[in-house]
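For reference, the structure discussed in these notes is given below.
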Amino acid sequence: MAAKPIIEVKNLHKHFGEVRALNGVSLSVDPGKVVVIVGPSGSGKSTLLRCLNHLEVESAGEVWIDGIRLTRDQKQINEVRTEIGMVFQLFNLFPHLTALENITLAQKVVRGRSEAEAEQIARAQLARVGIADKADVHPGQLSGGQQQRVAIARALAMNPKIMLFDEPTSALDPEMIKEVLDVMLDLAREGMTMVVVTHEMGFARAAADQLIFMDYGKIIEQGKPTEIFNNPKEDRTKLFLSQILQH
Amino acid sequence: MDGPHGDATMLEDLESLDTQQRDWRQFPWWLLGIFLIAVYAIYIFLTRPSYQEAFQFIMIGLGITISTSLYAYLIALVLGLLAGLGRISNNIVIKNLATLYVELVRGIPILVLIFYLALVAVPGIADAIPGISNDNISLNFRAIIALSVTYGAFLAEIFRAGIQSIGRGQMEAARSLGMSYGQAMRHVILPQAIRNVLPALGNDFVAMVKDSSLVSVLAVRDITQVARLYAGRTFRFAEAYTVLAVMYLALTLILSFLVKRLESRLEAKGGR
Ligand SMILES: Nc1ncnc2c1ncn2[C@@H]1O[C@H](COP(=O)(O)OP(=O)(O)O)[C@@H](O)[C@H]1O
Ligand SMILES: [Mg+2]
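Order-wise, the sequence lines are chains L and G. Everything in the first sequence is counted per my numbering, starting at 12 for the first residue and increasing by one. Everything in the second sequence is counted per my numbering, starting at 61 for the first residue and increasing by one.
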């Protein structure tokens, strides 16, 4: 019973002038699966993620989301993006809005929800990520961990089918990493399809169905996390894992 | 911000007056100068009837000066916002048109622009549109158009800089939530950008009030034109131009003060 993949990437290339950020990446993710991407800095992890919701447009190759091939058509991409939540390393909350307003804005503007409905959903999402009491606070007055949880709530309020995380804990103080990872673990257990770029190997072990190691804009190795942790086949994977697991 | 407007320094010095230590080197002596001029002006005004008479005559133009500046500024805000957005547009045609507008205006003296817009461009456009006669367009209206087209280009640069000061991540976050470019601009980027450039916008309003004196060349009866008429009729040049200068000074000082107030109120309300 092969489920139809919700994300399909076929031979993806992305060039920035001379820089080949992606060099022929193919990838398929089934609904409800969690994929963790690791790899050295500059290996193309963010670019791959950003191609999935067309924050970057591929130079060659195809991206299919839920059976639809992404094109340059703005209307289409806006629709696809409402199905894909994205969480950024630096949170990118809207600083002029309160936590609640951060979460209601796109619901109203994009989903066309009423103020009351959007607010109700926003409050439920804030409660889910454990900061119901911060609804009326501006991002500048929240800790990094709290900001990132608001950002996750903001994405979830749109009822996405897929969530993308680009190093969501890399900018956080160590004591705040867990509160964000816990939210992500819950989400994974609830069956959200997730693509996560992270160096938190504990999260990968606990949640990932598939671990992907990237380098030089290519997928070097992929498989079950335990397989790759316990006996990586490629030398580059071994080297990278030995470096990262030292920490 | 580059441009012909130096009012920011006055505000900074005003600020340093009440926050800095009273070192005599630091003291803004020139402000004392302004104060003395004001005192002297009031003294003359109270003691010499000829100055009172000049003042009463020139006051007639104050309404025109203020209304011309206000209307022109409101139109310039719209033009500036559109041109500022145009400058950063991905559409090459729009981008180049906006840049052409800004560079044209910046390359021509304001006085020449006012002549050209009011006496060549507006009549030309009026003639081209059937049903509109050039004769029906008042000089006051032409003056407003000329000033607003000129300042629209200055404000465009302010808006552009403000928008570009907002990090890329804001647009990306908004777009990743499914907002269109326009929605992201309107709800996420512009509210932050405009707040950042409010002081600059305020300074340009003060600058525009001063530059509104140039519309007197169109025989618009603002305070400058009225003062010229008065001087020409009575040969009391000292009275006419002293009163005129003091009136502009008072206007710009009051406006600078209001801009400053607005700014600090926004900072207090900032909540970040
Ligand atoms: N907008 C861009 N312009 C130019 N080069 C870019 C841009 N984005 C990424 N790159 C380059 O592409 C390569 C891959 O970047 P990225 O996907 O961010 O890597 P990672 O997320 O794995 O650290 C790097 O060499 C980076 O410098
Ligand atoms: Mg990255």
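All C-beta atoms in this analysis are idealised placements derived from N, C-alpha and C, irrespective of residue type, glycine included.
With burial defined as no fewer than 16 other Cβ atoms inside 10 Å of the residue's Cβ, what is the status of residue i: buried or exposed?
i                : result
Pro106 (chain L) : buried
Leu215 (chain G) : buried
Leu106 (chain G) : exposed
Met12 (chain L)  : Confidence at Met12 (chain L) is low in this model, with a pLDDT of 46, below 50, so the placement of that residue should be treated as unreliable; the coordinate-derived value is given next. Result: exposed.
Arg124 (chain L) : buried
Lys25 (chain L)  : buried
Tyr100 (chain G) : exposed
Pro185 (chain L) : exposed
Thr115 (chain L) : buried
Thr248 (chain L) : buried
Ala188 (chain G) : exposed
Gly66 (chain G)  : With a pLDDT of 47 at Gly66 (chain G), under the threshold of 50, the modelled position of that residue is not reliable, and the figure given next carries that caveat. By the 10 Å Cβ count, Gly66 (chain G) comes out exposed.
Gln285 (chain G) : buried
Glu163 (chain G) : exposed
Gln159 (chain L) : buried
Ile102 (chain G) : exposed
Gly193 (chain G) : Correcting the residue identity first, residue 193 (chain G) is Ser in this sequence and not Gly. Ser193 (chain G) comes out exposed.
Glu299 (chain G) : buried
Pro64 (chain G)  : Confidence at Pro64 (chain G) is low in this model, with a pLDDT of 45, below 50, so the placement of that residue is unreliable and no value is reported for it.
Asn150 (chain G) : exposed
Gly96 (chain L)  : buried
Asp62 (chain G)  : Here Asp62 (chain G) scores only 40 on pLDDT, less than 50, and its place in the model should not be relied on; the value that follows carries that caveat. Classification of Asp62 (chain G): exposed, given that the 10 Å Cβ count is below 16.
Arg202 (chain G) : buried
Gly331 (chain G) : Any reading at Gly331 (chain G) needs caution, since the residue's pLDDT is 44, under 50, leaving its predicted position unreliable; the model's value is listed next. Under this definition Gly331 (chain G) is an exposed residue.
Glu217 (chain G) : buried
Arg288 (chain G) : buried
Met203 (chain L) : buried
Pro190 (chain G) : exposed
Val30 (chain L)  : exposed
Lys235 (chain L) : exposed
Ser221 (chain L) : What sits at residue 221 (chain L) in the sequence shown is Gln, not Ser. Counting Cβ neighbours within 10 Å, Gln221 (chain L) comes out buried, since at least 16 surround it.
Arg293 (chain G) : exposed
Pro169 (chain G) : exposed
Val153 (chain G) : exposed
Lys15 (chain L)  : exposed
Val40 (chain L)  : buried
Arg165 (chain L) : buried
Going by beta-carbon coordinates alone, are residue i and residue j separated by less than 7 Å?
i                : j                : result
Ser225 (chain G) : Asn263 (chain G) : no
Ser333 (chain G) : Ser272 (chain G) : Lying before the first or after the last residue shown, residue 333 (chain G) is absent from chain G, which here runs from 61 to 332.
Val208 (chain L) : Asp177 (chain L) : yes
Thr180 (chain L) : Ile188 (chain L) : yes
Thr58 (chain L)  : Glu69 (chain L)  : no
Arg281 (chain G) : Gly121 (chain G) : yes
Val161 (chain L) : Leu104 (chain L) : yes
Tyr161 (chain G) : Ala143 (chain G) : yes
Gly156 (chain L) : Val191 (chain L) : yes
Ile197 (chain G) : Ala186 (chain G) : yes
Lys21 (chain L)  : Glu73 (chain L)  : yes
Tyr290 (chain G) : Phe117 (chain G) : yes
Gly242 (chain G) : Arg92 (chain L)  : no
Val269 (chain G) : Leu311 (chain G) : yes
Thr125 (chain G) : Ile314 (chain G) : no
Ile163 (chain L) : Val120 (chain L) : no
Ala219 (chain L) : Leu196 (chain L) : no
Ser54 (chain L)  : Asp246 (chain L) : no
Ser208 (chain G) : Ile135 (chain G) : yes
Val148 (chain L) : Ala110 (chain L) : yes
Leu137 (chain L) : Ala146 (chain L) : yes
Leu278 (chain G) : Leu326 (chain G) : no
So residue i and residue j are supposed to be a Cβ contact under 8 Å. How far apart are they, rounded?
i                : j                : result
Pro42 (chain L)  : Ile17 (chain L)  : 5 Å
Lys244 (chain L) : Val36 (chain L)  : At roughly 18 Å, the Cβ-Cβ gap does not stay under 8 Å, so Lys244 (chain L) and Val36 (chain L) are not in contact.
Val266 (chain G) : Val306 (chain G) : 16 Å between Cβ atoms; not a contact.
Arg147 (chain G) : Arg235 (chain G) : About 20 Å; that fails the 8 Å criterion.
Met169 (chain L) : Arg139 (chain L) : About 14 Å separates the two Cβ atoms, so there is no contact after all.
Arg246 (chain G) : Ser110 (chain G) : In fact, because the Cβ distance is near 56 Å, the residues do not count as touching under 8 Å.
Glu211 (chain L) : Phe224 (chain L) : With 8 Å as the limit, Glu211 (chain L) and Phe224 (chain L) do not qualify as a contact, their Cβ atoms being about 15 Å apart.
I'd like the ranges of any alpha helix (DSSP H) spanning at least 4 consecutive residues and lying wholly in the segment 273–325 of chain G. Counting only runs of 4 or more, we get 283–294.
In chain order, what are the residue ranges of uninterrupted alpha helix (DSSP H) at least 4 long that sit wholly in the segment 49–118 of chain L? Taking 4 residues as the minimum length, the alpha helix (DSSP H) runs contained wholly in the segment 49–118 of chain L are 56–63 and 85–93, in order along the chain.
Which residue spans inside the segment 157–189 of chain L form an unbroken beta strand (DSSP E) run of at least 3? With a minimum length of 3 residues, the continuous beta strand (DSSP E) runs that stay inside the segment 157–189 of chain L are 173–177.
Indicate whether the contact test is met: 3 or more Cβ pairs, each with one atom in the segment 220–236 of chain G and one in the segment 178–187 of chain G, closer than 8 Å. By the Cβ test, the segment 220–236 of chain G is not in contact with the segment 178–187 of chain G, since fewer than three Cβ pairs between them sit closer than 8 Å.
With a cut-off of 8 Å, do at least 3 Cβ pairs link the segment 140–160 of chain G to the segment 209–223 of chain G? Verdict: yes, contact present.
With a cut-off of 8 Å, do at least 3 Cβ pairs link the segment 47–57 of chain L to the segment 82–89 of chain L? Under the three-pair Cβ rule at 8 Å, the segment 47–57 of chain L does not count as touching the segment 82–89 of chain L.
Quiz: which residues have CB nearer than 5 Å to ligand 3 non-hydrogen atoms: Ligand 3 is absent from the structure shown, which contains only ligand 1 and ligand 2.
Contact between the segment 83–98 of chain G and the segment 167–176 of chain G is defined here as three or more beta-carbon pairs at a separation below 8 Å; is this criterion met? With the cut-off at 8 Å, the segment 83–98 of chain G and the segment 167–176 of chain G do not touch.
Unbroken beta strand (DSSP E) runs of length 3 or more, entirely within the segment 145–183 of chain G: which are they? Listed in chain order, there is nothing to give.
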